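Residue numbers 1 to 218, in UniProt numbering, belong to the letters of the sequence shown in order.
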Amino acid sequence: MSILSLENVKYSFENTNILNGIDLKISKGDCVSIIGTSGSGKSTLLKLCSDLISPTSGSISFYEKDYNSYEPINLRKQISYCVQIPYLFGDTVYQNLSYPFKIRKQEVNKDKIIKFMKKLNLDESYLEKGINSLSGGEKQRVALIRNLLYKPEILLLDEVTSGLDSQNAKIVQDLIKDLNEDGVTVMWITHSLEQSESIFNKRIQIEQGKIVKEEILK
């Protein structure tokens, strides 16, 4: 059974065709890298998969049920999208990392937060830091933690290591590998050919709004 499938998905914006007929099936447990030139439609694909925008035509299914049959909030809890340029709100890191618990009306699990922070090379003191004092790479890691505090069925990543040095990029990559081995299906946009082969079992290439190549890597 496919966990995610797209059938002849097209997307246009302001009379510009961005995606031109995407057919794609993702199996549960896949770890898929997505490559392609800038403007090829990669980020638009993830926005569609995360239900942030709707296709102009075609259909998208989760566990073989059309997206339109799901309540949007419940769907987005299961399909988590981490964008390239992180959006942090409020004043502090703690406000961002406590948010996933609060929207579920659950008690904030500070130990769980700190555990994830340590995995991504951020110590506990960061909880009280103001978001405007963080570097781009620190913001990326905080945003990623916010997405992972509740394990999603599908994790969509858009260049989430672009602002990181090689050491922290490897730390993030290893964490994503562990999550994938624990059952999380991953789709990850990367501009690095080396990274696109590292932990993935599949790779797709998008150009001019179409999938031009699908590869099995292992």
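Virtual Cβ for every residue (Gly too), placed ideally from N, Cα, C.
Small disclaimer: the values here were computed from a predicted structure and weren't measured.
Where residue i falls, given that 16 or more other Cβ within 10 Å makes a residue buried
i, result
"Lys65", "exposed"
"Gln140", "buried"
"Ile176", "buried"
"Asn180", "buried"
"Thr44", "buried"
"Ile53", "exposed"
"Glu214", "exposed"
"Ser50", "buried"
"Leu127", "buried"
"Leu193", "exposed"
"Ser196", "buried"
"Glu138", "buried"
Pairwise C-alpha distance: residue j and residue i
i, j, result
"Gly183", "Lys25", "17 angstroms"
"Cys31", "Lys218", "11 angstroms"
"Ile103", "Ser27", "29 angstroms"
"Val172", "Val212", "28 angstroms"
"Thr56", "Ile216", "29 angstroms"
"Leu156", "Gly163", "17 angstroms"
"Arg203", "Met187", "9 angstroms"
"Asp165", "Leu149", "23 angstroms"
"Lys151", "Arg76", "12 angstroms"
"Lys110", "Lys129", "15 angstroms"
"Asn201", "Leu97", "31 angstroms"
"Tyr94", "Pro100", "11 angstroms"
"Asn121", "Gln167", "10 angstroms"
"Val108", "Lys47", "28 angstroms"
Residue i versus the options, residue with shortest Cα-Cα distance
i, options, result
"Tyr11", "Gly41, Ser27 and Glu159", "Gly41"
"Leu134", "Tyr87, Ile171 and Lys119", "Tyr87"
"Gly36", "Glu197, His191 and Glu214", "His191"
"Gln84", "Tyr99, Ala143 and Lys112", "Ala143"
"Asp174", "Asp158, Lys119, Asn68 and Asp23", "Lys119"
"Gly39", "Leu193, Asn168, Glu194 and Ile189", "Ile189"
"Gly58", "Thr92, Glu14, Gln95 and Leu6", "Leu6"
"Ala169", "Ile154, Glu153, Thr185 and Gly136", "Gly136"
Rounded Cβ spacing between residue i and residue j (contact assumed at less than 8 angstroms)
i, j, result
"residue 223", "Ile206", "Examination of residue 223 is not possible in this model, given that the chain is present from 1 through 218 alone."
"Asn20", "Gly209", "4 angstroms"
"Phe62", "Ile73", "14 angstroms between Cβ atoms; not a contact."
"Leu82", "Asn147", "The amino acid occupying residue 82 in the given sequence is Cys; Leu does not appear at that position. Contact holds; Cβ gap of about 5 angstroms."
### Unbroken stretches of the alpha helix (DSSP H), 4 residues or longer, contained in the segment 97-149
The DSSP assignment places 110-119 and 136-148 as complete runs of the alpha helix (DSSP H) inside the segment 97-149, in order along the chain (cut-off: 4 residues).
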